[in-house]
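Below is one structure, written out as structure tokens; comments come after it.
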Amino acid sequence: MEAKERMTETIRYILRFMVGEHPAGDADRFVGYTSDESLFSDYKVVIVPSGFFNSGVYGTAQTMPSLPLMNIDGAPFLFGTPEVERVGDTIVVRADLVASAYFLLSRYEEILRRDVRDEHGRFPGRESLPQRAGFIDRPVVDEYGKLIRRWLNISESVPFIREINLTHDVDVPFSGRSWRSVARKTLSGRNPAVAIREKYLPLERDPYYTFPWMFEQNKKLQGIVGAGRCRSFLFFRAGGKVRQDRPYYNLRGKDIQSLYSLCKQYDVTVGLHSSYQAGQEPSLILPEKKNLEDAFGIEIRHNRHHFLSAREPEDMEYLEKAGITDDYTIGYAGVAGFRLGTSRPVRYINPVTGRLSALMLHPLTVMDGTLSEAKYMNLASGQAEEYCKKLIRNVRNANGELTLLWHNTSAVEGYGYLRDLYRTIINYLLS
Numbered sequence: 055m056e057a058k059e060r061m062t063e064t065i066r067y068i069l070r071f072m073v074g075e076h077p078a079g080d081a082d083r084f085v086g087y088t089s090d091e092s093l094f095s096d097y098k099v100v101i102v103p104s105g106f107f108n109s110g111v112y113g114t115a116q117t118m119p120s121l122p123l124m125n126i127d128g129a130p131f132l133f134g135t136p137e138v139e140r141v142g143d144t145i146v147v148r149a150d151l152v153a154s155a156y157f158l159l160s161r162y163e164e165i166l167r168r169d170v171r172d173e174h175g176r177f178p179g180r181e182s183l184p185q186r187a188g189f190i191d192r193p194v195v196d197e198y199g200k201l202i203r204r205w206l207n208i209s210e211s212v213p214f215i216r217e218i219n220l221t222h223d224v225d226v227p228f229s230g231r232s233w234r235s236v237a238r239k240t241l242s243g244r245n246p247a248v249a250i251r252e253k254y255l256p257l258e259r260d261p262y263y264t265f266p267w268m269f270e271q272n273k274k275l276q277g278i279v280g281a282g283r284c285r286s287f288l289f290f291r292a293g294g295k296v297r298q299d300r301p302y303y304n305l306r307g308k309d310i311q312s313l314y315s316l317c318k319q320y321d322v323t324v325g326l327h328s329s330y331q332a333g334q335e336p337s338l339i340l341p342e343k344k345n346l347e348d349a350f351g352i353e354i355r356h357n358r359h360h361f362l363s364a365r366e367p368e369d370m371e372y373l374e375k376a377g378i379t380d381d382y383t384i385g386y387a388g389v390a391g392f393r394l395g396t397s398r399p400v401r402y403i404n405p406v407t408g409r410l411s412a413l414m415l416h417p418l419t420v421m422d423g424t425l426s427e428a429k430y431m432n433l434a435s436g437q438a439e440e441y442c443k444k445l446i447r448n449v450r451n452a453n454g455e456l457t458l459l460w461h462n463t464s465a466v467e468g469y470g471y472l473r474d475l476y477r478t479i480i481n482y483l484l485s
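Residues in the sequence shown are numbered from 55 upward in steps of one, following the numbering used here.
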């Protein structure tokens, strides 16, 4: 497919994505994206292109929006002007909502600012346009869709959260069940006899083994909203040899196999937690996926990167090649919110080529450590609770999908406020 055809297909998808499930057919039958005035009468709504996609413009510095942004009916947009006029029976919109949505959905900013990365090679949330422009807590692409539906006289459905993904990453599954942990504790001054005794405690008494507690919380919510709308996920690492991939754990070992059995008991979906090293070398994703499949005897279709280290936007191509259909990585480690500008699952768009992929991205709404860690948002308990509730309300108002990430180590009793906050969020979703 030629580059122009690829981009045309992607633009049509974005229009359909924003308009949603139009009862009368495809969105592009009713919404045009053109500056040709002779075609305006063919549509109910026309969005006039700003030139963002023009040859010689796309991919250059002139496509970076200027701050402060303008807004249209309260929604900040990135390109064009806020004028809306009626030409005959057609509403003509000069705000380029298509290019604005594309910029956010494709992580386009990150290919223009390759030199801006944190110590883990990730594009930092504090540098992102949504954070700098002050709308990281709003799914503005979903807001564009509401505007377009209003212009089309499509009535809005009652606000509700379409799906809830309760996800957990297996980074440090156990506190003291290996000789390596015994050595570490001994070197840090712990009595060797105590460290050895902790190694042989029943699995359920390991302080980090909070998975049963989290799954019980999830089960309460599933019982109210239904297992079809609320799913639990556990992402296991299956490779990685660099320091950030420690501690290494044996997928075929007794303890991990017990955890996998617990997943089956609670109907938890198992996914791949692509290693930190695989974030640096994406070709490792496929062998890691095969490793996990061999260890558990199941097909793996879901992924989240360790450290949320999906470093370059086009690296997501490796997930698709590995047979991953759904990814749950895309959120900022440093700030919770709507990294892609949407609360709804969206197909991956390669911003280098404009290619529309079959890989589905499920935006990460909130990660536990993002709220509490001093180097990130550093929120107190009450602040974190209010911020989470605000994001949840915005997801509900957009009829979107909520994805939470809580680690087992955050659910340890006495580990700050995160255990209690998880329970509070579950109860809030129950209300």
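Glycine included, each C-beta is placed from N, C-alpha and C at the ideal position.
Collapsed DSSP secondary structure at residue i in the structure displayed
i           : result
residue 106 : coil
residue 463 : helix
residue 455 : strand
residue 360 : helix
residue 352 : coil
residue 313 : helix
residue 449 : helix
residue 421 : strand
residue 87  : strand
residue 69  : helix
residue 433 : coil
residue 394 : coil
residue 95  : helix
residue 114 : coil
residue 59  : helix
residue 335 : coil
residue 306 : coil
residue 367 : helix
residue 427 : coil
residue 469 : coil
residue 75  : coil
residue 299 : helix
residue 438 : helix
residue 81  : helix
residue 477 : helix
Bridge partners - residue i, DSSP secondary structure assignment
i           : result
residue 340 : Paired residue(s): none; residue 340 is not in a bridge.
residue 130 : 125
residue 288 : 222 and 324
residue 415 : 381 and 400
residue 410 : 403
residue 101 : 87 and 147
Residue of the options minimising C-alpha distance to residue i
i           : options               : result
residue 337 : 320, 364 and 304      : 364
residue 191 : 473, 438 and 350      : 438
residue 304 : 296, 419, 298 and 290 : 290
residue 286 : 447, 277 and 164      : 277
residue 258 : 148, 312 and 205      : 312
residue 383 : 333, 432, 62 and 407  : 333
residue 116 : 185, 200, 132 and 124 : 132
residue 488 : 362, 64, 94 and 177   : In the structure as shown, the chain starts at 55 and stops at 485, and residue 488 therefore has no counterpart that could be examined.
residue 142 : 163, 170, 97 and 153  : 97
residue 126 : 150, 454, 253 and 166 : 150
residue 392 : 454, 374, 321 and 331 : 454
residue 280 : 484, 123, 63 and 60   : 484
residue 57  : 407, 351 and 422      : 407
residue 310 : 350, 344 and 340      : 350
residue 358 : 240, 157 and 222      : 222
residue 422 : 412, 355 and 435      : 435
residue 210 : 471, 451, 60 and 378  : 451
CB contact flag (residue i, residue j, <8 Å)
i           : j           : result
residue 226 : residue 262 : yes
residue 194 : residue 130 : yes
residue 109 : residue 403 : no
residue 215 : residue 458 : no
residue 480 : residue 298 : no
residue 410 : residue 401 : yes
residue 329 : residue 293 : yes
residue 85  : residue 102 : no
residue 376 : residue 424 : no
residue 256 : residue 316 : no
residue 69  : residue 82  : yes
residue 100 : residue 147 : yes
residue 186 : residue 389 : no
residue 155 : residue 106 : no
residue 343 : residue 352 : no
(message) At 4 residues or longer, what runs of the alpha helix (DSSP H) sit wholly inside the region 200 to 278?
(response) Assignment of alpha helix (DSSP H) within the region 200 to 278, counting only whole runs of 4 or more residues, yields 233 to 241 and 246 to 253 in chain order.
(message) My parser needs the beta strand (DSSP E) runs of 3 or more residues fully inside the region 129 to 203; what are they?
(response) For the region 129 to 203, whole beta strand (DSSP E) runs of length 3 or above, ordered along the chain, are 129 to 131, 134 to 141 and 144 to 149.
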